[in-house]
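S.K.: With my numbering applied, the sequence shown corresponds to residues 356 to 447, in that order. Below you'll find the structure I mean.
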Amino acid sequence: MKEVQSIEKDKITITKQVKQEKQKHIARIKPHKGHTLFEVNLANGEIRKAKFEPLTAGWTREKQSKKVMVQKDCIYVPALNVKNVIKKLLRK
356 MKEVQSIEKD KITITKQVKQ EKQKHIARIK PHKGHTLFEV NLANGEIRKA
406 KFEPLTAGWT REKQSKKVMV QKDCIYVPAL NVKNVIKKLL RK
C-alpha cells in the first residue's frame, strides 16, 4: 500500500515583500566612436569609468543599448580620456 503524507496548508507560509524602485529615464548619451562614458562624483571630485548593468538574456538585437548604474551625486560625461573630461568640466 502507498503511504500518503499530508501537508497542512497553515504550516507553509512564505511572505516576501519586494520594494521596487521605479526607473526614470533621465537622458540618452550617445558617445562618439572610441569614447568612454566617465562618472564624475561631485561630492569628492573622483573621476572613474561608468558601470553598466548586465544585459538580460533573451531576444538580442544587433545594437543593444546599455543601462548605466546611476550613482547619487554623480554626472556622466562621454570623452576620449580623463584629461578631456577635466577640460569639459572646466568649460561648464
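Where a beta carbon is used, it is the ideal one built from N, C-alpha and C, also for glycine.
#1: Considering just the uninterrupted stretch of the alpha helix (DSSP H) at I441, what are its terminal residues?
#2: Residues in the same chain with beta-carbon distance under 7 Å from I384, minus the five sequence neighbours each way, listed in chain order, please.
#3: Output needed for A398: all residues of its chain with C-beta closer than 8 Å, excluding positions within five of it in sequence on either side, in chain order.
#4: Rounded to the nearest angstrom, what separates V437 and A405 at their Cα positions?
#5: Between K421, E408, G400, which has its C-alpha nearest P386's C-alpha?
M.R.: On the basis of the data shown:
#1: As a position in the sequence shown, residue 441 is number 86, starting the count at 1. The continuous alpha helix (DSSP H) containing I441 extends over residues 437-446.
#2: The count along the sequence shown starts at 1 and reaches residue 384 at position 29. Beyond the five residues adjoining it in sequence on each side, I384 comes within less than 7 Å, by CB distance, of L392, Y431, P433 in the same chain, given in chain order.
#3: By 1-based counting over the sequence shown, the position of residue 398 is 43. Hits under 8 Å: D428.
#4: What you label residue 437 is simply residue 82 of the sequence shown in a count that begins at 1. What you label residue 405 is simply residue 50 of the sequence shown in a count that begins at 1. About 12 Å.
#5: As a working note, residue 386 is residue 31 in the sequence shown. Out of K421, E408, G400, K421 has the C-alpha closest to the C-alpha of P386.
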